[in-house]
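Enquirer: Please read through the structure below; I'll follow up with questions.
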């Protein structure tokens, strides 16, 4: 108990201090509050992040994740501008002589002649205290070229500075030198543990179902915790409140259908979106023909598909209460089966069957309740479940038939791992006066980890067939956190976000605690440019055990345990941000130190160690990452897009890897450049292009060999030839670069919008390396031979919106 | 007809663009597919292998014979592989003075060996190895001989039983308990090996000692190697003695009656570099042939070369 109090004491002190600030008689006596929701005029969709700006006082707030805003201003008449990217701003003159509630509806599209004075808009990058956060409008992402015409949100994020892909085609995110498990992927506020379809070539996020997406790479506000590298917030559409609308897309990879509409007009709405691939259906006749033409070695039937379903229900219970239920479920199923029948000597007929399968399942649900207690106080209560399960198995069976007997034999091995969470969370937004915006809350999560077990079944006709379970037992853990943060206007030029996040984890009779101070500063220079700085400590109690570079769904989620200490990180960042016309520019430098990183030891893997405890196969170490990021982004206009550049370093050090010496992280990437352009050509045509360049991935290759010997207990001498790399990740693959292009033709007939999307992935056909081997070339010289998988890939997709 | 902007012409080309696009896409696809089938992206020149000396020498204070292997490293693609060298000169210094040396005359066809006439007391002494071979840079290594272990061990027969899942028969479990004195202020490393031999020729060969596999309950001090040896250490667990190390070994069904056997436990104190080498070799052997395994950088304490110069000091405890 005293441990809990030690953790909570500083937090309570800070909360008390903020309350005193907020409730100071001066502030209370002079300010009144304007509050409400900002929503799309046509659909009633909440516009999270919309800005409410008092132009005469140059004070503003942003709507929270649920579209709610609360702006407290001194008594008097003030000009208020409500704006959101891609919408026509609205201006009001409001007399602040009492608290007002005002829901604002914005109309999509910037009306002609609507000149918006830049200074009237809040929410520009230089205004935000938060740094290292990037939002990309979903409509902009939907126009990007995509493999097979299937738009992928995570691949769009990989085009941003400081965010890298795991390799050719991969949806994995490596943010500022961190690993994928250090990204908190929140789908409607629920953590997702696997975001991959098709072995990482696609992510589980269906762009048609998504309302907004933002990634935070550093300077984390205190309300976030539990991961070290980034917070990815993806919010599903709430559903159209007025009428039924839908999107249908057919591409060469998959088809998807999204429907949204009112359940009760302006009171309740739904959104449902489903997607499925059809590679298995397309290939079925091909394999039937192959099996028919050549059945000398039996028949082979491969299978692969994935599907996902997103759904959401939104109910406006009263003016002060809203209830949401959102769900996501996705499955990948890969495998093949073989069958063969042959005769062998002795008049025996043998019928053999085998099946190999690999599937993974993701499922999340969230139930939330928004309540406005008073104009200054808003709360959100959330109950969530997140489930991830990976299964792989192999089964052989045969039946040997003679004239009078049949002998059946069977071998089956099923390996499974997974994680399941149940969580409860409460968050408050409190805007006491014009100078403070306080957020505080708490979360509790129960985790059940299944870090890998193999069910083995052996039946070779012995009296008692074997059916046994080998491997790790389930581990249960509880973690919780409380936080408080205040965005405070210190002076007219200096604004700060001060916060404290206290987290705790209880596992195997051991309790870990962590106090994480957070600070972000924004100082406006005389020319309007923002000088930003941030410091954040983070702790992480869950880990992904992964064989570097493979990125398979076989990766294991494991908790910190009595033996495995939590991962920790501190990060400091400084930067400049400004807006020039329609361009937002930012330049940031960062350094982060990492501790408690978890990795397989040299030689370890998830395979072939059925009886070894996973904790025996891992080692913990430290790391660092530092770099410089530049981003110039244009979100609106006929031409939009961005240019990003990252110069970075990322290193690791583990006692049990590389003989304890520092080595570059696999995804240490010195240079990373991205250029993204969307352009409305006019008429029905629009085009977009994305070009990326990145330093090659670090690689470990065996380089030399020598002979050693060992002696057995009888004194016999045995020679052994050892092959060994010169060092961990000592080599580099070739640089990665690629251009993708798309052209979209859109026709609108009545209320139906039809789009044809021509996409070319890898337009100049630079086959980028996917994996590499050390081999001999035709001259007998040793070379690193790199293999690619994606050449020039054209695709076409058809889309109907109504 | 003229257009003020080129894009205005696009709709008029609506009959043509599909032909053009499909033609362009098809030709580029074919080019792409050709490269795709080849699969190879690039060939990056690999640095030419620079041969170096690799040395393996482990000295046990009580050993009667000293074995040294020196090889010339080869590139991993070299079909000839690495070459064991005979024409080398190896010099060993103990406590700063020359102790013994080996050269081509000591090569027996597989490695260099030298009989040690009398036990040498090296405990606590720094030893230095230097090896030279023509055409290659000389290499060296240093290590300190650990003190002889002070330990007690006890064997208890049939204290437990276990069901063999395959044969579905009970097997007896014998317990071995070991206490080893540790040094204060430094990490201690020991390797344990349980050996047995038959005393009754009806059961088997009475001259040969065999390694017996032992296993124990999870213990952070214990690493079980695939050779059957057990590596124990107090590294990172605080100084002091390594007491109550408990292991089990399976024995035959007690109903069958025990054969008459003799048991002994070899306990060797290791230098830290020897322990690191053993652990990395264990990882190397475990990873061998597993495509999913992380690569292993085998530990070496040989400066400017590869291999390992290890020291151990052993005692043999007869188990009643």
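Residue numbers (the working numbering), protein chains in the order written: chain A, 1 to 802; chain B, 1001 to 1320. Each residue gets a CB set at the ideal place from its N, CA and C atoms; glycine is no exception. Because the structure is a prediction, the values reported are computed rather than measured.
Any C-beta of chain A sitting closer than 8 Å to the C-beta of residue 1198 of chain B?
Expert: As a working note, residue 1198 of chain B is residue 198 in the second chain. Chain A contact via Cβ: absent.
Enquirer: Figure out for me which residue from A:407, A:383, A:753 and A:414 has the closest Cα to the Cα of residue 357 of chain A.
Expert: Here residue 357 of chain A refers to the residue found at position 357 of the first chain. Comparing Cα positions, the closest option is A:414.
Enquirer: Tell me, please, whether the CB atom of residue 550 of chain A is closer than 8 Å to any CB atom in chain B?
Expert: Counted from its first residue, the first chain places residue 550 of chain A at position 550. With a pLDDT of 49 at residue 550 of chain A, under the threshold of 50, the modelled position of this residue cannot be trusted, and the question is left open.
Enquirer: Closest to residue 419 of chain A by C-alpha separation, out of A:555, A:633 and A:377, would be which residue?
Expert: As a working note, residue 419 of chain A is residue 419 in the first chain. Of the candidates A:555, A:633 and A:377, the one whose C-alpha sits nearest the C-alpha of residue 419 of chain A is A:555.
Enquirer: Is residue 689 of chain A close to chain B? Criterion is C-beta to C-beta, closer than 8 Å.
Expert: As a working mapping, residue 689 of chain A is identified with position 689 in the first chain. For residue 689 of chain A, the answer is no, since every Cβ of chain B falls outside 8 Å of its Cβ.
Enquirer: I want to verify the contact list: residues of chain B whose CB lies under 9 Å from the CB of residue 714 of chain A, in sequence order.
Expert: Counting from 1 along the first chain, the entry for residue 714 of chain A is found at position 714. In chain order: 1208, 1209 and 1210.
Enquirer: Closest to residue 232 of chain A by CA distance: which of A:254, A:375, A:694 and A:184 is it?
Expert: Here the question's residue 232 of chain A lines up with position 232 in the first chain. When each option's Cα is compared against that of residue 232 of chain A, the closest is A:184.
Enquirer: Rounded to the nearest angstrom, what separates residue 526 of chain A and residue 573 of chain A at their Cα positions?
Expert: The residue labelled residue 526 of chain A in the question sits at position 526 within the first chain. The residue labelled residue 573 of chain A in the question sits at position 573 within the first chain. Taking the straight line joining both Cα atoms gives about 22 Å.
Enquirer: On the CB-based measure, 16 or more other CB atoms within 10 Å of its CB, does residue 1302 of chain B come out buried or exposed?
Expert: The residue labelled residue 1302 of chain B in the question sits at position 302 within the second chain. Flag for residue 1302 of chain B reads buried.
Enquirer: Quick one: which unbroken beta strand (DSSP E) runs of 3-plus residues sit fully inside the segment 1261-1320 of chain B? Chain order, please.
Expert: With a minimum length of 3 residues, the continuous beta strand (DSSP E) runs that stay inside the segment 1261-1320 of chain B are 1261-1270 and 1306-1319.
Enquirer: Between the segment 1073-1107 of chain B and chain C, which residues of the former have CB atoms less than 7 Å from a CB of the latter, in chain order?
Expert: Chain labels in this structure do not include chain C; the protein chains are A and B.
Enquirer: Output needed for residue 1216 of chain B: all residues of its chain with C-beta closer than 7 Å, excluding positions within five of it in sequence on either side, in chain order.
Expert: Here the question's residue 1216 of chain B lines up with position 216 in the second chain. Counting only Cβ-Cβ distances below 7 Å, and skipping sequence neighbours, we find 1222, 1246, 1247 and 1248.
Enquirer: Provide the residue span of the beta strand (DSSP E) that contains residue 1060 of chain B, from first to last.
Expert: On the second chain, residue 1060 of chain B is found 60 positions in, with the first residue counted as 1. Counting along the chain, the beta strand (DSSP E) containing residue 1060 of chain B begins and ends at 1053-1060.
Enquirer: Determine which residues share a DSSP beta bridge with residue 328 of chain A and list them.
Expert: Position 328 of the first chain holds residue 328 of chain A. Residue 328 of chain A is bridged to A:310 and A:364.
Enquirer: On the CB-based measure, 16 or more other CB atoms within 10 Å of its CB, does residue 196 of chain A come out buried or exposed?
Expert: Stepping through the first chain from its first residue, residue 196 of chain A is reached at position 196. Flag for residue 196 of chain A reads buried.
Enquirer: Decide if the segment 523-542 of chain A is in contact with the segment 122-133 of chain A; the criterion is three or more beta carbon pairs, one per stretch, under 8 Å apart.
Expert: Contact between the segment 523-542 of chain A and the segment 122-133 of chain A is present, because at least three Cβ pairs lie under 8 Å.
Enquirer: Taking residue 155 of chain A as part of the alpha helix (DSSP H), name the residues at either end of that continuous run.
Expert: Walking along the first chain from the start, residue 155 of chain A turns up at place 155. Residues 153-157.
Enquirer: Would you say residue 374 of chain A and residue 327 of chain A are within 8 Å of each other, going by their C-beta atoms?
Expert: Along the first chain, one-based indexing puts residue 374 of chain A at 374. Along the first chain, one-based indexing puts residue 327 of chain A at 327. It is not a contact, given that the beta carbons lie outside the stated cut-off.
Enquirer: Report the partner residues of residue 457 of chain A according to the DSSP bridge assignment.
Expert: Here the question's residue 457 of chain A lines up with position 457 in the first chain. Its beta-bridge partners are A:412 and A:467.
Enquirer: Taking the Cβ atom as the reference point for each residue, do residue 1151 of chain B and residue 1317 of chain B lie within a distance shorter than 8 Å?
Expert: Reading the second chain from its first residue, position 151 is the one you call residue 1151 of chain B. Reading the second chain from its first residue, position 317 is the one you call residue 1317 of chain B. Their beta carbons are under 8 Å apart, which means residue 1151 of chain B touches residue 1317 of chain B by this criterion.
Enquirer: With 16 as the cutoff for other CB atoms within 10 Å, does residue 44 of chain A come out buried or exposed?
Expert: Numbered from its first residue, the first chain carries residue 44 of chain A at position 44. So residue 44 of chain A ends up on the buried side.
Enquirer: Considering only heavy atoms of the ligand ADP, does any lie closer than 7 Å to the CB of residue 1161 of chain B?
Expert: Here there are no bound small molecules, and the ligand ADP is not part of this structure.
Enquirer: With 16 as the cutoff for other CB atoms within 10 Å, does residue 210 of chain A come out buried or exposed?
Expert: To locate residue 210 of chain A, count along the first chain from 1; it is residue 210. Classification of residue 210 of chain A: buried, given that the 10 Å Cβ count is 16 or more.
Enquirer: Along the segment 1215-1226 of chain B, what residues have a CB closer than 9 Å to any CB found in chain A?
Expert: Answer set for the segment 1215-1226 of chain B: 1218, 1220 and 1223.
Enquirer: Could you give the DSSP three-state label for residue 1089 of chain B: helix, strand or coil?
Expert: Against the second chain, residue 1089 of chain B aligns to sequence position 89. Reduced to three states, the DSSP call for residue 1089 of chain B is strand.
Enquirer: Any contact between the segment 556-572 of chain A and the segment 242-254 of chain A? By contact I mean 3 or more CB pairs, one from each, below 8 Å.
Expert: In short, these stretches do not touch, since the Cβ pair count stays below three.
Enquirer: Please compile the residues from chain B whose C-beta is within a distance smaller than 9 Å of the C-beta of residue 600 of chain A.
Expert: Taking the first residue of the first chain as position 1, residue 600 of chain A is located at position 600. Near residue 600 of chain A (Cβ distances below 9 Å), the residues of chain B are 1293 and 1294.
Enquirer: Go ahead and pull the three-state DSSP assignment for residue 1126 of chain B.
Expert: In the second chain, the residue the question calls residue 1126 of chain B occupies position 126. If DSSP states are grouped into helix, strand and coil, residue 1126 of chain B belongs with the strands.
Enquirer: For a contact meaning CB atoms closer than 8 Å, what does residue 736 of chain A contact in chain B?
Expert: Here residue 736 of chain A refers to the residue found at position 736 when the first chain is read from its first residue. The contacting residues do not exist; residue 736 of chain A stays about 10 Å from chain B at best.
Enquirer: So residue 337 of chain A and residue 355 of chain A are in contact, right, with Cβ under 8 Å, and what is the actual spacing, rounded?
Expert: Within the first chain, the letter at position 337 stands for residue 337 of chain A. Within the first chain, the letter at position 355 stands for residue 355 of chain A. 4 Å between Cβ atoms; contact.
Enquirer: Classify residue 279 of chain A as helix, strand or coil using the three-state DSSP reduction.
Expert: Taking the first residue of the first chain as 1, we reach residue 279 of chain A at position 279. In this structure, residue 279 of chain A counts as helix in the three-state DSSP scheme.
Enquirer: Which chain A residues sit within Cβ distance under 9 Å of residue 1117 of chain B?
Expert: Within the second chain, residue 1117 of chain B is the residue found at index 117, counting from 1. Ordered by position in chain A, no residue passes the 9 Å Cβ test against residue 1117 of chain B, which lies about 18 Å from the chain.
Enquirer: Indicate the three-state DSSP secondary structure (helix, strand or coil) for residue 616 of chain A in the structure shown.
Expert: If you number the first chain from 1, residue 616 of chain A lands on position 616. Here residue 616 of chain A sits in helix by DSSP.
Enquirer: What in chain B is Cβ-close to residue 658 of chain A, meaning under 7 Å?
Expert: The sequence position of residue 658 of chain A within the first chain is 658, counting from 1. Simply 1297.
Enquirer: Report the three-state DSSP secondary structure of residue 1067 of chain B (helix, strand or coil).
Expert: The residue given as residue 1067 of chain B occupies position 67 in the second chain. Of the three classes helix, strand and coil, the one that applies to residue 1067 of chain B here is strand, per DSSP.
Enquirer: Report the partner residues of residue 100 of chain A according to the DSSP bridge assignment.
Expert: Reading the first chain from its first residue, position 100 is the one you call residue 100 of chain A. Paired residue(s): A:34.
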